[in-house]
Structure formats: C-alpha cells, structure tokens
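K.L.:
Starting off with a structure, shown below.
Numbering (our numbering), first residue to last: 34 to 294.
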C-alpha cells in the first residue's frame with residue numbers, strides 16, 4: 034500500500050483509545066502494509082537530509098514499527114519515536130536490534146517531550162488521524178514547543194481531494210500476502226471533512242475488521258492552524274521529490290517553521 038492512495042489512509046497512532054487501538058490491532062501485519070524499503074523511503078531520507086542533515090536530532094510522531102525511523106537512524110540521525118501503541122513499539126524494537134531508535138508511549142495530541150529537536154516528522158497521514166480541529170491545533174502547539182531554535186517540522190498527509198470527491202461509499206481490494214486479502218470500505222462525510230475506512234483482513238487466521246477515522250484539513254486551513262500555533266508553512270509539495278502540488282496529487286508534504294518574533 035502507498036500512503037495517499039484512495040482507500041489507503043495508513044497512519045501510525047495518534048492517541049490512546051481509538052487510534053491506539055488501530056496500532057494494537059494491526060501491529061502484526063503493519064510491515065506488510067507499509068514496506069520499510071524502496072524508492073519512497075529513499076526519497077524521504079534525501080528530502081530530510083537536504084532540509085536538515087544528520088546528525089540532527091529527530092522526533093517522529095506516530096513512529097509505528099519504525100518504517101521511517103530505522104532508516105533515518107541508519108543515516109546518522111538521532112531519532113526518538115512516540116507512538117500510542119505498545120504493540121507497534123515492540124515490533125519496532127524487533128526491527129531495530131541495534132537500538133538505533135529510542136521510543137516512548139505517548140499521545141501526540143497533547144505532546145509533551147523532554148528536550149528539543151532539530152526535526153519533527155509526522156508522516157503517512159498521521160496528523161489527520163487526530164479527529165478534531167482542536168486536537169490538530171494542540172498537536173501543532175506541541176510541535177512548536179518541541180522544536181529547537183532553527184528547527185523544522187515536516188508533515189506528510191494525503192491530498193484532501195483524494196477523499197472529498199468520493200460522494201458514495203467505496204470499496205477497494207488489495208493483496209496483503211499470497212494467502213491474504215485486504216478489503217477497504219470507505220465512507221466520506223464532506224461536511225465534517227471526515228473519512229471512515231474499515232479495513233477487513235481476510236486470511237488463514239480468519240477475518241479481522243479494523244476501523245480508521247481521519248479528519249482532513251485543506252491547505253488554507255492547515256496554514257491558519259499553523260499560525261495559531263506560532264508556526265508558518267514555508268513549503269508545500271506533492272511528494273518527497275518536491276513535485277508541484279495539483280488537484281490530482283496523492284499527497285502533500287509540508288515544511289513548517291516557527292514564526293519569527
């Protein structure tokens with residue numbers, strides 16, 4: 034699965050409870066859903082290296098099983114990851130036997146971290162998993178406080194157009210493994226800017242359903258929320274290769290800094 038594709042609103046975890054339950058339910062198959070190698074990972078690493086090269090300190094919110102954090106640590110970044118799901122973090126440490134990534138269980142809708150970071154990364158639509166505008170603004174305020182002087186935050190989100198244009202319930206089928214299928218049922222509430230995806234995994238172990246809710250923000254709204262949190266958007270692209278944003282783009286990549294005093 035590729036982040037930003039309709040029906041594939043993948044994320045790490047936003048907070049204990051609903052979103053945390055997502056991670057607890059999918060930790061065992063998450064690496065099959067989102068491989069930790071490939072051109073997308075290479076492009077992401079190159080993007081961040083150009084923005085703020087290693088050995089910068091980096092905080093990843095919704096770190097999951099380490100899909101991005103482990104490669105970044107391998108490139109010399111000092112990486113700490115926060116996630117709501119202990120099962121996800123347990124899998125991360127299995128994937129990271131050298132201990133290159135430190136982690137903590139936490140709710141990034143009310144972010145409170147020790148120390149300051151040169152980079153804060155919120156990837157794979159994680160920011161949109163916060164279900165209200167208030168929580169999204171609170172998250173941005175926490176990121177503001179977590180940034181070191183001169184630090185930058187990077188967000189990878191799906192393009193709201195991807196889902197907003199869906200006027201009827203939609204179902205998509207994908208292959209999870211040779212003996213397993215992933216069935217995604219998608220419903221969009223345009224007035225609430227809300228997307229409900231029910232992931233149904235069908236395989237040798239039976240059938241498993243995992244709901245996922247996201248709340249998308251339009252680019253202009255994201256800009257305003259950032260300003261309310263003392264931040265400003267300094268760049269927006271359609272991918273990690275800095276492609277031009279269009280209505281057809283699958284994702285948005287934002288770069289955000291603290292506002293000047």
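Even glycine gets a Cβ: it sits at the ideal position worked out from N, Cα and C.
Since this is a predicted model, take the numbers as computed values, not measurements.
1. Do residue 224 and residue 248 count as a contact pair if the criterion is CB distance below 7 Å?
2. Decide if the stretch 283-294 is in contact with the stretch 249-260; the criterion is three or more beta carbon pairs, one per stretch, under 8 Å apart.
3. Counting only the same chain and skipping the five closest in sequence on each side, list residues whose C-beta sits under 6 Å from that of residue 221.
4. If we call anything under 7 Å between Cβ atoms a contact, is residue 218 one with residue 206?
5. From the DSSP secondary-structure annotation, give me the bridge partner or partners of residue 179.
6. Along the beta strand (DSSP E) that carries residue 94, what are the first and last residues, could you check?
7. Distance, Cα to Cα, residue 258 vs residue 170?
8. Just to confirm the assignment: which complete alpha helix (DSSP H) runs, minimum length 4, are found wholly within the stretch 169-213?
9. Which partner residues of residue 115 appear in the DSSP bridge assignment?
10. Hey, quick one: how far does the alpha helix (DSSP H) through residue 256 stretch, first residue to last?
11. Exposed or buried, what is residue 293 when buried is set at 16 or more other beta-carbons lying within 10 Å of its beta-carbon?
12. Work out the CA separation of residue 158 and residue 279 for me, nearest whole Å.
13. Please identify the residue among 76, 80, 72 whose C-alpha is closest to the C-alpha of residue 268.
14. Where does the unbroken beta strand (DSSP E) through residue 298 begin, and where does it stop?
15. Restricting to Cα atoms, I'd like to know which of 147, 115, 128 is closest to residue 154.
16. DSSP on residue 275, reduced to helix/strand/coil?
17. Determine contact between the stretch 184-196 and the stretch 122-136, defined as no fewer than three beta-carbon pairs at a distance below 8 Å.
18. Please list the terminal residues of the continuous alpha helix (DSSP H) segment that includes residue 83.
19. Residue 93 and residue 106 - do their beta-carbons sit closer together than 7 Å?
20. Compare the Cα-Cα distances from residue 110 to each of 172, 144, 262, 83 and report the closest residue.
21. For residue 184 and residue 234, I'd like the C-alpha separation in whole angstroms.
22. Mark residue 46 as exposed unless 16 or more other C-beta atoms lie within 10 angstroms of its C-beta, in which case mark it buried.
23. Is the beta carbon of residue 78 sitting closer than 7 Å to the one on residue 112?
24. From what residue to what residue does the beta strand (DSSP E) around residue 104 run?
25. Which of the three DSSP states is assigned to residue 38 in this structure?
26. Compute the distance between the beta-carbons of residue 212 and residue 238, then report whether it is under 7 Å.
P.N.:
With the structure as the only source:
1. no
2. yes
3. 196, 199, 228
4. no
5. Paired residue(s): none; residue 179 is not in a bridge.
6. It spans 90-94 - the beta strand (DSSP E) in which residue 94 sits, taken as one unbroken run.
7. 6 Å
8. Qualifying alpha helix (DSSP H) stretches, in chain order: 194-197.
9. Bridge pairing for residue 115: 94, 137 [DSSP].
10. 252-261
11. Its Cβ having fewer than 16 others within 10 Å, residue 293 is exposed.
12. Taking the Cα positions, residue 279 is about 18 Å away from residue 158.
13. 80
14. A query on residue 298 cannot be resolved here, the shown segment of the chain reaching from 34 to 294 and no further.
15. 115
16. coil
17. no
18. 72-84
19. no
20. 83
21. 40 Å
22. Any reading at residue 46 must be qualified, since the residue scores a pLDDT of 39, below 50, and its modelled position is unreliable; the value itself is stated next. The residue in question, residue 46, is buried, as its Cβ has 16 or more Cβ neighbours within 10 Å.
23. Contact flag unset, no.
24. Here residue 104 belongs to no beta strand (DSSP E); instead the alpha helix (DSSP H) covers 102-107.
25. Note that residue 38 scores 33 on pLDDT, short of 50, meaning its location in the model is unreliable; the coordinates nonetheless yield the value given after this. Looking at residue 38 - three-state DSSP - the assignment turns out to be coil, as it is neither helix nor strand.
26. no
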